[in-house]
Structures are given as structure tokens and as C-alpha cells.
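In the working numbering, the protein residues as written are 11 to 278.
Structure, as C-alpha cells:
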Ligand SMILES: NC(=O)c1ccc[n+]([C@@H]2O[C@H](COP(=O)([O-])OP(=O)(O)OC[C@H]3O[C@@H](n4cnc5c(N)ncnc54)[C@H](OP(=O)(O)O)[C@@H]3O)[C@@H](O)[C@H]2O)c1
């Protein structure tokens, strides 16, 4: 039985707990959250054991999942550092917080896996990238991978200097697609089609387009060109995007997200 303890039991913790509950491995899951409502909800949903403090979580865990917002990471590390040992594996999902930052704040040479997941993990459709420090043995890495596999469809190992980029791409990515969907819904409402119908058409279009890429049907550019007949409707829309520099806007938005991820580690 693997003892997994959650510090912070909000959105992403819920996705991970759900994965662990469905995993072939057996987990004994505990958790603590400052927000009692959130904590009781996760207990109700997944029957995890709730603890009275983060320290109790640390004392009863082999794997500690750090799932608070980046802004709350330092207060947590300050609170738990004296109870951490090299027998603990830390899995941190906090955006922008580096492994080195955790080592510095705790003053401990402990095994740490840093992960950037995304919210589709809530329905078993997540992706994540992870990195690790030198204290993560093969045994710990295998355990971390099993945990990540339990809630993500795609798990990729990357060097740490790429993780903030992953944050700006797939970590924040679902929100970009939702934003795009919102804008398309604005258009559909002007065109007087019922919102629930437009939502069905558009969301399956998003899933279908993503699947065509995943199934190797072509590059995004090739597939776009196949839909874009000369003088047709798609061409009209794409030309409008291009003329209004939508590509630059999207690119610059992602660069600004990456910059923000870099700042988070500096406590900004
Ligand atoms: N959501 C995403 O799409 C996403 C994607 C990838 C990675 N992440 C990362 O995942 C982490 C969690 O994000 P989330 O969206 O799950 O946040 P969330 O829903 O706000 O959950 C975090 C929980 O931690 C609690 N908390 C704050 N300080 C605490 C402390 N000292 N001890 C115990 N609990 C504490 C919060 O309570 P209060 O609300 O009372 O502060 C909140 O209930 C973040 O670091 C984020 O960067 C999120």
C-alpha cells in the first residue's frame, strides 16, 4: 500500500486523486487543505482520510503531492521542512516553482519530481510533463510515473528548463481553447443558432481536430489547407485571422504566459 498525502486538495488534486483511485496500484490517500469546504468535498467524493494539518499529512505519507497555488508554496515548505526526510518523495505540481527553489526553502536534499499537468486530467484526458532531481532513484521515478500515468493520457519526461514552457502550452492550454470556444459561441449567438447546439458542434469539432493530429493524419498546416478551398468560407475566415494578426496575438499570449511562469518562481 503506497501512502500518498496531498497538501492542497483543490482542482488538480481532485484530478490526481481520481486517477489514483482508479489505478491498479493500491494507495492509502490522506490530505489537508486550508479550505475546510474543499477538504470535506474531497473526502465526500473520494473517501480519502483528511488530516488536521500539513504536518500530519507529511508524517503519514511516503509520497507528498504539493498541490497548492504557487503563491502558497513557501508557507507550506516553511511549515513542513523539519519533518521531511529523504524517505519522502515530493511531487510538486505548482506552476513556476523550481526543484531548486524547494530544496533551498526546505534546506533538504530530498527526491523531488516536478510536474506540469492540465485540467483535462479530471476526465482522464490530461497530459503532463515532468522532471526530477538527482535524488530521485529509479524506484522513485517508476512510482512517480505510475502516479502520473493514473491521471494523464500522455506523460513526457523533459529537462526542467522546458517545464515553464509546458506550463504556457498545455498547462494553460485548456483555457486558450475555452476562450476560442467562447469567441465562437459569441459568433454563433449573433448568427442565431441555439447555444447548446453550437456548443455540441464546436466541442466535437475541437475533439475531432485534435484527434486527427494525434492519429497522424497530417500537420496542423496540412490539415488546415485541406479544409481551405480556394474562394471558400474557411479561406475567408483564415484570411481575416491573418490580416488581423491573430497568429501573432496567440504566439505573444503564450510567450507572456511563459514569462509569468518564470516570474512565479521569483515570488512575483
Ligand atoms: N488548475 C490548473 O489548470 C493547473 C494546471 C497545472 C498545474 N496547476 C498547479 O496546480 C496547483 C493547484 O492548482 P489548483 O487549480 O488545484 O488550485 P486550487 O483549486 O486553488 O487548490 C489549492 C488549494 O490549496 C489550498 N491551500 C492554500 N494554502 C494552503 C496551505 N498552506 N496548506 C494547505 N492548503 C492550502 C487552497 O485553499 P485557499 O483557497 O483557502 O487558499 C486551495 O483549496 C497550482 O500550483 C497550479 O499552478 C494547476
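We treat Cβ as the ideally placed atom computed from N, Cα and C, and that holds for glycine.
In this text the structure is predicted, and so the values were computed from the model without any measurement.
Does the distance from the CB of residue i to the CB of residue j come in under 8 Å?
| i | j | result |
| --- | --- | --- |
| residue 18 | residue 77 | yes |
| residue 140 | residue 158 | yes |
| residue 183 | residue 163 | no |
| residue 15 | residue 74 | yes |
| residue 151 | residue 109 | no |
| residue 35 | residue 60 | no |
| residue 107 | residue 122 | no |
| residue 22 | residue 103 | yes |
| residue 80 | residue 274 | yes |
| residue 146 | residue 155 | no |
| residue 56 | residue 26 | no |
| residue 267 | residue 193 | no |
Just list the residues that DSSP pairs residue i with in beta bridges.
| i | result |
| --- | --- |
| residue 140 | 125, 167 |
| residue 73 | 14, 99 |
| residue 40 | 15, 59 |
Between which residues of its own chain and residue i is the CB-CB distance below 6 Å, once the five residues before and five after are set aside?
| i | result |
| --- | --- |
| residue 89 | 64 |
| residue 53 | 60 |
| residue 245 | 238 |
Which residues in the same chain have their Cβ closer than 8 Å to the Cβ of residue i, if we skip the five residues on either side of it in sequence?
| i | result |
| --- | --- |
| residue 205 | 195, 198, 199 |
| residue 168 | 139, 140, 141, 176 |
| residue 72 | 12, 13, 14, 97, 98, 99 |
Out of the options, which has the shortest C-alpha to C-alpha gap to residue i?
| i | options | result |
| --- | --- | --- |
| residue 272 | 110, 34, 21, 174 | 174 |
| residue 40 | 263, 22, 70 | 70 |
| residue 263 | 80, 221, 190 | 190 |
| residue 160 | 57, 237, 49, 29 | 29 |
| residue 259 | 223, 62, 186, 127 | 186 |
| residue 129 | 254, 267, 24 | 24 |
| residue 66 | 149, 83, 94, 46 | 94 |
If you measure from the CB of residue i, is any heavy atom of ligand 3 nearer than 7 Å?
| i | result |
| --- | --- |
| residue 79 | Among the ligands modelled here, namely ligand 1, ligand 3 does not occur. |
- Item | Complete beta strand (DSSP E) runs within the segment 83 to 114 (minimum length 3 residues, chain order) | 99 to 102
- Query: Which runs of the alpha helix (DSSP H) fall wholly inside the segment 153 to 190 and span at least 4 residues, in chain order?
  - Reply: 173 to 176
- Query: Residue ranges of each alpha helix (DSSP H) run of no fewer than 4 residues wholly in the segment 204 to 231, ordered along the chain?
  - Reply: 205 to 224
- Secondary structure, alpha helix (DSSP H): runs of 4+ residues fully inside the segment 228 to 256: 230 to 237, 243 to 253
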